[in-house]
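Colleague:
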Amino acid sequence: MERSLDSKEEKERHRAKKQDEKRMDAAVEQRGLDNVFDGDWNGAAGQFLLRWYSHSTHHERLLFAGPDGIVLAAPPKRVSSGRDKHAQVVARLSPNEATLEDPFSGEFETRILLIRFHDGSWLRVDTEESRSELHMYALRRPSPGGF
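What follows is the structure in structure tokens.
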């Protein structure tokens, strides 16, 4: 009912947004990005993921990215509040090991980022907001070494 009261421009914006969402969903599925990682347990991403859970049972990680690489932090165990306050560094990845990338190169406003490892394997990371500062960081930095 509300949409019927929208102006022509608002209806067109809503239609375009829906089309973008459908294109993004199709691209996510086509590239296998609806999975947590590339699926190769022997690759760097798979091995990292296996070690990842041994550092903390908490399901969320804080991710920091900078010129010295990627840092992941988490509380040592599940906590219901104050996860940031209890967080400890659980992993560091140098720029030679992995880079942070927006898999769509900014084409879509998405929460998806990839940690791309030196062997081409990847781990999906979902940010709390679309086009986060991490997305902007990833878009500003080319992947060194072409991976």
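Going by full-length UniProt numbering, the letters in the sequence shown line up with residues 1 to 147, in that order. Positions of the beta carbon are idealized from the N, C-alpha and C atoms, including for glycine. The structure displayed is predicted, hence computed values, not measured ones.
Comparing alpha-carbon positions, which option in H135, E107 and S132 lies nearest R23?
Modeller: E107
Colleague: Within 10 Å of its beta-carbon, does W122 have 16 or more other beta-carbons around it, so buried, or fewer, so exposed?
Modeller: buried
Colleague: Less than 8 Å separating the beta-carbons of R111 and T127?
Modeller: The answer is yes: Cβ separation under 8 Å.
Colleague: Based on DSSP bridge pairs, tell me the residues matched to W122.
Modeller: R116
Colleague: Determine contact between the region 86-100 and the region 60-76, defined as no fewer than three beta-carbon pairs at a distance below 8 Å.
Modeller: yes
Colleague: I'd like to confirm the pairing. Which residues does DSSP put opposite R92 in its beta bridges?
Modeller: In the DSSP output, where bridge partners are listed per residue, R92 has V71.
Colleague: Are there 16 or more other CB atoms within 10 angstroms of the CB of D102, so buried, or fewer, so exposed?
Modeller: buried
Colleague: Could you tell me how far apart the beta carbons of L33 and R124 are, in whole angstroms, since I believe they sit closer than 8 Å?
Modeller: 6 Å
Colleague: Grab the span of the alpha helix (DSSP H) containing A45 for me, first residue to last.
Modeller: Element bounds for A45: A44 to H55.
Colleague: On the three-state DSSP scale, how would you describe E133?
Modeller: When DSSP states are grouped into helix, strand and coil, E133 belongs to the helix group.
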